Amino acid sequence: MEEVRFKKLQELKEKGINPYPYRFEVTDFIGNIRKQYEEEPPENYIVRVTGVAKRVSRTDKGYMVRLADEKGIEILVFTNEEGLKPKEKYTFEGVLKRVEGKLSVVDAKLTQEEGEEISKIKEQFDYDPHNRPVSLAGRLVSMRTMGKAIFGHIQDLTGKIQIYLKKDIVGEEKLKFFNDYIDVGDIVGVRGKLFRTNTGELTVEVEDYELLAKSLHPLPEKWHGLKDIEVRYRQRYLDLIANPEARRIFMLRTKLISEMRKFFEMHGFIEVETPILQPIASGANARPFVTYHNFLETELYLRIAPELYLKRLIVGGFPRVYEIGKNFRNESVDRTHNPEFTMVEFYAAYWDYHDLIKFTEDMFVYLLEKTLGTLKVKYGEWELDFTPPFKKVRYFDLLKEKTGKDKDFFLHDFEGLKKLAKELEIPDVDRMTHAKLLDKVFERVAEEELIQPTFVLDFPKLLSPLAKTHREDPELVERFELIVARYEVANAYTELNDPFDQKERFLQQLKEKQMGDEEAMDMDEDFIRALEYGMPPTAGEGIGIDRLVMILANTDSIREVILFPQLKPEKKSS
RNA sequence: GAGCCGGUAGCUCAGUCGGUAGAGCAACGGCCUUUUAAGCCGUGGGUCGCGGGUUCGAGUCCCGCCCGGCUCACCA
0 MEEVRFKKLQ
10 ELKEKGINPY
20 PYRFEVTDFI
30 GNIRKQYEEE
40 PPENYIVRVT
50 GVAKRVSRTD
60 KGYMVRLADE
70 KGIEILVFTN
80 EEGLKPKEKY
90 TFEGVLKRVE
100 GKLSVVDAKL
110 TQEEGEEISK
120 IKEQFDYDPH
130 NRPVSLAGRL
140 VSMRTMGKAI
150 FGHIQDLTGK
160 IQIYLKKDIV
170 GEEKLKFFND
180 YIDVGDIVGV
190 RGKLFRTNTG
200 ELTVEVEDYE
210 LLAKSLHPLP
220 EKWHGLKDIE
230 VRYRQRYLDL
240 IANPEARRIF
250 MLRTKLISEM
260 RKFFEMHGFI
270 EVETPILQPI
280 ASGANARPFV
290 TYHNFLETEL
300 YLRIAPELYL
310 KRLIVGGFPR
320 VYEIGKNFRN
330 ESVDRTHNPE
340 FTMVEFYAAY
350 WDYHDLIKFT
360 EDMFVYLLEK
370 TLGTLKVKYG
380 EWELDFTPPF
390 KKVRYFDLLK
400 EKTGKDKDFF
410 LHDFEGLKKL
420 AKELEIPDVD
430 RMTHAKLLDK
440 VFERVAEEEL
450 IQPTFVLDFP
460 KLLSPLAKTH
470 REDPELVERF
480 ELIVARYEVA
490 NAYTELNDPF
500 DQKERFLQQL
510 KEKQMGDEEA
520 MDMDEDFIRA
530 LEYGMPPTAG
540 EGIGIDRLVM
550 ILANTDSIRE
560 VILFPQLKPE
570 KKSS
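Residue numbers (numbering that gives the first Met the number 0): 0 to 573.
Have a look at this one:
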């Protein structure tokens, strides 16, 4: 198949036609053009339509019916009704919605009552484009040749639009060229006028077109798309071409990050960049990647967190900073972990963690309204409600509620805690430090049930070497985690700015490391020195972007929200 | 790292008890000037993930390996 296309490519070159030309004047993105002539139906707009079923197709869940009225105007109906037959007349009641740009009736049910004409409904939301001239470009994703005319769809990131070439307008030669040399998958540019076909679809009547790039490989199948998960990740470009859901998720991700930047800017934060190559990997509990700089003759680590650098900037007098960027952790890869992942970390001088709670709620409300337009998010079986104030619960209150044991037990009865952990069937209990064990027990008994957005407040000090001691309890720190759908989405605290206390905490971490905790933090002497110059009272927070996108996109795999997730290299079979 | 599941045409998938490797879409040739999962007639297309073994005979059974998915263990 590739050979046929390669032959076409050769022939084009022989004809003196460049199959890879330099530019094409585009008047707009396809989606923008469609938006101008297509109105979005209101939420939950119920319609009743009557028409003849022209085709009944099975989909993943139910059936898709192409329904036409007497004038031939068509609408798509998605239904679970069984036994529908083509050429029969039906009336459906359902919700009017655009599916991939086309007006459709979803969740439709058969009804005996009188239905409206399809054309009446479509007129309200699909406008006449009045032969407006356009120049559009995109990938040809389908083609239907009809002798002296050709239909097809071209697609860009923003949408699809039908193109129509007929002999009378485009000319015999150009029509033949399209038939002979243009394939599904090629990038083409078209110039022509917008009109609606007999069935009501917005279409470019092509006056002239250009091949903009030849595609040598066939595209994935148009109906089932690309399902092979491995190919979807390894060749993400194919996934993006073939699967609208993939495009939707990454558009959502882009939108979220862009709105996040706006929100920070609105609140006086400036965006900064701190080193990814760091001589000391500290600021989080994780194993780093190690690399080597030839000229400096030194080992460097890919950062596991930007925290200690961002706080140096607070010392330097930047009162509100944020950084959106990658962190790298050399741990295993699974459904919720990629070796490189995106976090936003932000720090505000003169705030404490109470300010951050409010700020976080405000930010989530803002982001949700800008991206999904709702505070109630469907995630798997659950409906997550982000209406503030979010639930708040103190760390040890939650533990006490679940286990009946109090803070004293967890912090001072190491042997008792071990026994409890064993009862909870936590593995490798005997090899864990006190801090690690406490963390595990909390995860096992408490996080399981934290589905709705919940702030867990006031963590034990031994789990938080960079957080400031709680003003009311020396065994706690002023820290919270925001947990949503069992994921730790945000982690924040009033920052420790006492250099002596900070040094003690690092020393404690070194002890933990010696006791076998590979992820304990390293001492950063210069960071201590920075604190000695004086860091104002400060609050800081990190939000995991990937996990947040997972929740908004309603997916349970981090690989669905990272464009190019890490996979093992493909082995060449040579 | 352990357990379970998967890998068959470009894509989506069938493949019975071990007995000639299949369908739809895509491709190729023909017909067709408002089609839309277009339609109609015809044609070609396979390292059955890789390597070994058992067998007269392996996509199918056995062993090893590669890649992916899920679950578990660790980081978020």
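Heads up, the beta-carbon is just placed ideally off N, CA and C, and yes, glycines get one too. Quick caveat, the model's predicted, so the values are computed rather than measured.
Bridge partners of Leu-193, per DSSP? Val-203
Rank Asn-43, Glu-171 and Arg-138 by C-alpha distance to the C-alpha of Arg-97 and give the top, closest one. Asn-43
Cut-off 6 Å between Cβ atoms - residues of its own chain near Arg-138, not counting five sequence neighbours on either side: Gln-154 and Ile-186
Report the rounded CA-to-CA distance for Glu-244 versus Val-560, giving the unit in angstroms. 11 Å
Neighbour-count burial assignment, Met-265, 16 or more Cβ in a 10 Å radius: exposed
Alpha helix (DSSP H) runs contained entirely in the region 200-286, provided each spans 4 or more residues: 228-233, 235-241 and 243-265
Distance check for Thr-290 and Glu-511, CA to CA, integer angstroms please. 25 Å
Taking the runs of the beta strand (DSSP E) that are 3 residues or longer, which of them lie wholly in the region 347-412? 375-378, 381-384 and 390-393
Would you call the region 546-556 and the region 361-379 in contact, with 3 or more CB pairs under 8 Å? yes
Figure out for me which residue from Gly-146, Lys-401 and Val-183 has the closest Cα to the Cα of Asp-167. Gly-146
Can you tell me whether Gly-594 is helix, strand or coil according to DSSP? Shown here, the chain extends from 0 to 573; a query on residue 594 therefore has no answer.
I'd like to know if the region 505-519 and the region 468-482 are in contact, where contact means that at least 3 CB-CB pairs between them fall below 8 Å. no
Nearest to Leu-562 (by Cα), restricted to the options Leu-383, Gln-35, Lys-404 and Thr-341: Thr-341
Can you tell me which of the three DSSP states Lys-502 falls into? helix
Coarse secondary structure for Asn-43, derived from DSSP in three states: coil
Assigned secondary structure, Arg-54 (DSSP; H/G/I helix, E/B strand, else coil): strand
Relative to the C-alpha of Leu-437, which residue among Pro-459, Gly-191, Pro-426 and Pro-452 is closest? Pro-459
Return the chain-ordered list of same chain residues with a C-beta closer than 6 Å to the C-beta of Lys-6, the five sequence neighbours on each side being excluded. none
Candidates Leu-83, Leu-255 and Glu-400: which alpha carbon is nearest Glu-448's? Glu-400
Look at the Cβ atom of Arg-190, then the Cβ atom of Ser-141, and state whether they are nearer than 9 Å. no
Measuring straight from C-alpha to C-alpha, what distance separates Ala-529 and Lys-502? 12 Å
Along the chain, where does the alpha helix (DSSP H) containing Ile-550 start, and where does it finish? 544-552
Three-way DSSP call (helix, strand, coil) for Ser-572 in this model: Legend: pLDDT at Ser-572 = 44, less than 50; position of this residue unreliable, no value from coordinates given.
Is it right to say Asp-405 is buried, meaning 16 or more other beta carbons lie within 10 angstroms of its own, or is it exposed? exposed
Whose C-beta lies closer than 6 Å to the C-beta of Tyr-19 among residues of the same chain, with five residues either side of it excluded? Ala-212
Per-residue burial, Met-250 [other beta carbons within 10 Å of its own, 16 or more giving buried]: exposed
The region 75-89 touching the region 50-57, judged by at least three CB pairs closer than 8 Å: yes
What runs of the alpha helix (DSSP H), each 4 residues or longer, lie entirely inside the region 87-142? 117-124
Kindly indicate which three-state DSSP category Ala-529 falls into: helix, strand or coil? helix
Are the beta-carbon atoms belonging to Met-259 and Ile-323 less than 9 Å from one another? yes
In the DSSP output, what is Thr-493 paired with across the bridge? Ala-538
Closest to Ile-32 by CA distance: which of Ile-160, Phe-150 and Gly-71 is it? Ile-160
C-alpha distance - Ser-573 paired with Gly-158, whole-angstrom precision: A caution first: Ser-573 carries a pLDDT of 33, below 50, which makes its placement in the model unreliable, though a value can still be read off. Going from the Cα of Ser-573 to the Cα of Gly-158 covers about 40 Å.
Buried or exposed by the 16-neighbour rule on C-beta atoms within 10 Å, applied to Asp-3: Looking at the sequence provided, one finds Val at residue 3 rather than Asp. Result: exposed.
What is the residue span of the beta strand (DSSP E) that Tyr-321 lies within? 319-327
So, with DSSP's three-state summary, where would you put Ile-29? helix
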